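Novice: One structure follows; several queries about it will come next.
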Ligand SMILES: [Zn+2]
């Protein structure tokens with residue numbers, strides 16, 4: 020049992036992360052090769068949607084990196100990776116629509132996005148201090164410090180949970196735009212749905228990993244407390 024808690028749970032979380040990553044990479048690789056009939060690039064799609072929603076001040080720029088696409092609410096900019104920005108594939112259109120979904124959430128004051136943004140500074144602190152507290156608490160045999168670290172891990176878990184509705188909603192809004200604007204034909208839409216689902220899947224893996232991490236810590240240190 021001890022061995023399972025120490026290594027088994029860690030291995031399970033690694034497998035979940037790797038599985039999600041494999042699904043994301045394979046759907047991305049597949050649908051970036053499928054060009055759309057309409058032929059709009061990720062940039063053109065994003066620009067069109069932002070303008071449609073009265074978000075003309077938000078810029079769309081190209082960024083480096085692989086699957087590094089994101090919406091930056093502070094900078095008022097959507098950054099799209101090279102293959103998404105300049106290509107007219109099913110993957111490019113889908114990812115661009117997902118990122119615009121975030122910009123529209125921001126405009127509409129979507130509750131979960133607000134909660135998530137307000138948690139960012141706390142979570143940054145927790146991810147540094149939490150692990151340090153657990154390690155130091157272990158070395159100094161200070162249970163109080165260890166539990167403070169575990170609470171920090173729980174806050175991170177809460178943050179990951181709040182991220183889920185933000186991501187699924189962005190994909191839902193993205194899909195609505197794809198259909199309204201006819202960015203994809205009926206046969207291309209299947210790939211679009213897969214891409215929009217996989218855009219949110221990374222975060223499901225993060226939640227699973229955070230749950231397992233907290234569970235592991237509670238099981239390990241909860242026993243020592245007896
Ligand atoms: Zn997203």
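In the numbering used here, the protein residues as written are 20 to 245. Ideal Cβ placement from N, Cα and C applies to all residues, glycine included. All values reported here derive from a predicted model rather than from experimental measurement.
1) As a quick exercise: from 36, 44, 50, pick the residue whose alpha carbon is nearest that of residue 206.
2) Verify the contact flag: residue 218, CB atom, against every heavy atom of ligand 1, threshold strictly below 7 Å.
3) Below 8 Å on the Cβ atoms is my guess for residue 100 versus residue 84; work out the distance and round it to an integer in Å.
4) Between residue 111 and ligand 1, is the CB less than 7 Å from at least one heavy atom?
5) Cβ of residue 226 within 8 Å of Cβ of residue 169?
6) Quick test of the definition: if touching needs 3 or more C-beta pairs under 8 Å, does the segment 109 to 117 touch the segment 208 to 225?
7) So, for residue 32: in the same chain, excluding its five sequence neighbours on each side, which residues have a beta-carbon less than 6 Å away from its beta-carbon?
8) Return the CA-CA distance between residue 44 and residue 148, expressed in angstroms with no decimal places.
9) Using 7 Å as the cut-off, classify the Cβ of residue 72 as near or not near the heavy atoms of ligand 1, replying yes or no.
10) Alpha carbon to alpha carbon, what distance is there between residue 239 and residue 245?
11) Is it a yes or a no for the segment 185 to 204 touching the segment 61 to 70, going by three-plus beta-carbon pairs under 8 Å?
12) With a 10 Å radius around its C-beta and 16 neighbouring C-beta atoms as the bar for buried, classify residue 25 as buried or exposed.
13) Name the two residues that bound the continuous beta strand (DSSP E) containing residue 82.
14) Does residue 246 pass the burial test, meaning 16 or more other C-beta atoms within 10 Å, or should it be called exposed?
15) On the DSSP bridge assignment, give the partners of residue 91 in chain order.
16) Determine the DSSP secondary structure at residue 107, reduced to helix, strand or coil.
17) By how many angstroms is the C-alpha of residue 60 removed from the C-alpha of residue 27?
18) The alpha helix (DSSP H) with residue 199 in it runs from where to where?
Specialist: Straight from the coordinates:
1) When 36, 44, 50 are compared, the shortest CA-CA separation from residue 206 is found for 50.
2) Residue 218 has its CB nearer than 7 Å to a heavy atom of ligand 1.
3) Going by Cβ atoms, the distance from residue 100 to residue 84 rounds to 6 Å, so yes, they are a contact pair.
4) It does not: the Cβ of residue 111 is nowhere closer than 7 Å to a heavy atom of ligand 1.
5) The beta carbons of residue 226 and residue 169 sit no closer together than 8 Å.
6) Cβ pair count under 8 Å is three or more, so yes.
7) The beta carbon of residue 32 sits closer than 6 Å to the beta carbons of 228, 231 from its chain, once the five residues preceding and following it are set aside; these are given in chain order.
8) Rounded to the nearest whole angstrom, the CA to CA distance from residue 44 to residue 148 is 32 Å.
9) Not under cutoff, so the answer is no.
10) Caution is warranted here: a pLDDT of 49 is assigned to residue 245, below 50, making its placement in the model unreliable, and the coordinate value is therefore given only provisionally. Distance between the alpha carbons of residue 245 and residue 239: 11 Å.
11) The segment 185 to 204 is in contact with the segment 61 to 70.
12) Exposed, because fewer than 16 other Cβ atoms sit within 10 Å of the Cβ of residue 25.
13) Per DSSP, the continuous beta strand (DSSP E) segment holding residue 82 begins and ends at 78 to 82.
14) Summary: the structure shown does not reach residue 246, with the chain confined to residues 20 through 245, and so no result is reported for it.
15) Listed as beta-bridge partners of residue 91 by DSSP are 96.
16) Three-state result, residue 107: coil.
17) Each residue's alpha carbon lies about 44 Å from the other.
18) Start and end: 162 to 199.
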